[in-house]
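> First the structure, then my questions, so here it is.
Okay, here's the thing in structure tokens:
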């Protein structure tokens, strides 16, 4: 839980030093108020939270959205039981989804905060915790209660091995996604023995994406196009293939089958198209975004596949759409389109795998390798 805290000198100087209650009780009230069913969930709603004061509206639009999807912020500060805290509300243009709190003085204490939250009528269940022997210093708790919307509280007590204390309250029952460098540090198997805790993932997302694509490529010892019941890749396919109009994708195949897959907490929707007997094209669409800098094609190469640029799509300033020929001694040849949409420091990827090894009809704006920056 690393939060870039903004300067809050003006707010801090305005804080009252009136008599305070127990620090953990006041923090528990902040959590309950933020998740309250009648809170409203907009940027003005945070002003109802006792003990915190906020910079004037409107919220600040960030130049680059944070990995958790925070694109707007409103800074604040407070005194909770005499403990000075810095605060940031984060979310979208009209909705607040997260509340970041960084303790600047004596610690509240994780156990004391959880006990106070329970006394306030909110149940907290440990849902994610560090893997032993790693530098992970945060616990995540699922929060439920009659007067609140479901939420998640993360409590950080170690920053790079040094004591610190920070809290993040997130709306919704789903645990916030981990960053790639955190996947090996945390587990969601917290109920059993500490020695049995397994990491959320021992592999990074690009490794698992490459393995999924490799598994979808039919082996050279079998048919070039797989029967519908032979589709691999670890994808959760839903139902049988059915008639579907895919003209919006420029896909003439008459039948399709949808599904989905989660790869190291990175979620993809899946769609396979073909004729009534075999699948011919498979689409994978990332449902969120992730930090820039990954190289899935390099991982595919390390798995023993030759990856050769075959065509570049039209020149765009915010996305790329390139086709690659994928060949190896162990699989039938295929064509893979990698589409990457860029938004600041974040990217969103999608893939189209043509198992028959052909390219789609050429767009007049497409470029050949080595032409007009196609590389």
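In my numbering, the protein residues as written are 2 to 376.
All C-beta atoms, glycine included, are put in the ideal place defined by N, C-alpha and C.
#1: Can you list, in chain order, the residues of its chain with a C-beta nearer than 6 Å to that of residue 274? Leave out the 5 residues immediately preceding and following it.
#2: Using 8 Å as the Cβ pair cut-off and three pairs as the minimum, do the segment 134 to 146 and the segment 201 to 210 touch?
#3: Are the CB atoms of residue 271 and residue 284 nearer to each other than 8 Å?
#4: So residue 109 packs on residue 84, CB below 8 Å; how close in whole Å?
#5: Between the Cα of residue 351 and those of 40, 345 and 250, spot the shortest distance and give me the residue it belongs to.
#6: What is the DSSP secondary structure of residue 245, counted as helix, strand or coil?
#7: Hey, residue 360 and residue 311: beta-carbon distance below 8 Å or not?
#8: What residues match up with residue 269 in a beta bridge as DSSP calls it?
#9: Residue 263 to residue 269, Cα distance in whole Å?
#10: Within this structure, are the beta carbons of residue 129 and residue 187 separated by less than 8 Å?
#11: Please report the straight-line C-alpha distance between residue 150 and residue 313, rounded to a whole angstrom.
#12: Taking the alpha-carbon positions, what's the residue 307 to residue 328 distance?
#13: Grab me the residues of residue 338's own chain with a C-beta within less than 6 Å of its C-beta, minus the 5 sequence neighbours each way, in chain order.
#14: Quick check: the segment 156 to 174 against the segment 25 to 44, are there 3 or more CB pairs under 8 Å?
#15: Check the C-beta distance from residue 211 over to residue 127 and give it rounded, since I have them as a contact under 8 Å.
#16: Starting from residue 343, trace the alpha helix (DSSP H) in both directions and tell me its first and last residue.
#17: Identify which residue in 104, 202, 121 and 309 has its Cα closest to the Cα of residue 159.
#18: When you compare the CB positions of residue 333 and residue 154, do they come within less than 8 Å of one another, or not?
#19: What is the C-beta distance between residue 220 and residue 331, in whole angstroms, given that I count them as a contact (C-beta under 8 Å)?
Based on what the coordinates show:
#1: 247, 252, 254, 257 and 282
#2: no
#3: Contact flag set, yes.
#4: 6 Å
#5: 250
#6: coil
#7: yes
#8: 262 and 287
#9: C-alpha separation (whole angstroms): 6 Å.
#10: yes
#11: Cα to Cα, the separation comes out at about 47 Å.
#12: 5 Å
#13: 324 and 353
#14: Output reads yes: the segment 25 to 44 touches the segment 156 to 174.
#15: Not quite, the Cβ-Cβ distance comes to about 33 Å (not below 8 Å), so this is no contact.
#16: Here residue 343 belongs to no alpha helix (DSSP H); instead the beta strand (DSSP E) covers 332 to 344.
#17: Of the listed residues, the one whose Cα sits closest to residue 159 is 104.
#18: no
#19: 6 Å
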